[in-house]
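Novice: In this note's numbering, the protein residues as written are 16 to 133.
Take a look at this one; I'll ask things after.
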Amino acid sequence: MHDIIFSLMLFAPPAGGQNPNPIIQLVPLVLIFVVFYFFMIRPQQKKQKEREKVLDSLKRGDRVVTIGGIHGTVAGIDTEKKTVLVQVGDNVKMKFDRTAVANIDKQESGDKLTTTKE
Numbered sequence: 016m017h018d019i020i021f022s023l024m025l026f027a028p029p030a031g032g033q034n035p036n037p038i039i040q041l042v043p044l045v046l047i048f049v050v051f052y053f054f055m056i057r058p059q060q061k062k063q064k065e066r067e068k069v070l071d072s073l074k075r076g077d078r079v080v081t082i083g084g085i086h087g088t089v090a091g092i093d094t095e096k097k098t099v100l101v102q103v104g105d106n107v108k109m110k111f112d113r114t115a116v117a118n119i120d121k122q123e124s125g126d127k128l129t130t131t132k133e
């Protein structure tokens, strides 16, 4: 029993010239996959779902920051083309992909738009 525990820890075949059990050889690979799943893949999926919720909750009047660092206020949303019209200055409006919004600074009460035409 003691030899089996050491062979699992060191991933070496048991002493005495015995052939190791193929299932025991797969245990480390399965453990590595489980660790990767719970520490890397699953949290990334949660972050992606949370980001989608934030982007779906965008509405006119929200103050946003784009991935390029541009601060502005959402002036309109085109869900068909998945774009956002952001007002940057007094008469300056820029169109971005919805995914270009990095975060929402402040959500003000506003109307959720379905489609905006220029």
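Positions of the beta carbon are idealized from the N, C-alpha and C atoms, including for glycine.
Taking 9 Å as the threshold (C-beta atoms), are Lys-74 and Ile-92 in contact?
Specialist: yes
Novice: Compute the Euclidean distance between the alpha carbons of Glu-133 and Lys-68, then round it to the nearest angstrom.
Specialist: Low local confidence applies: a pLDDT of 48 at Glu-133 is under 50, so the model's placement there is unreliable, with the coordinate-based value given in what follows. Distance between the alpha carbons of Glu-133 and Lys-68: 26 Å.
Novice: Mark Val-49 as exposed unless 16 or more other C-beta atoms lie within 10 angstroms of its C-beta, in which case mark it buried.
Specialist: exposed
Novice: Mind checking which residues open and close the alpha helix (DSSP H) that includes Phe-51?
Specialist: Element bounds for Phe-51: 37-51.
Novice: With H, G and I counted as helix, E and B as strand and the rest as coil, what does DSSP make of Thr-81?
Specialist: strand
Novice: Look up Ile-92 in the DSSP assignment and say whether it is helix, strand or coil.
Specialist: In the structure shown, Ile-92 adopts extended strand secondary structure according to DSSP, grouped into three states.
Novice: Nearest-angstrom Cα distance between Asn-34 and Phe-51?
Specialist: 29 Å
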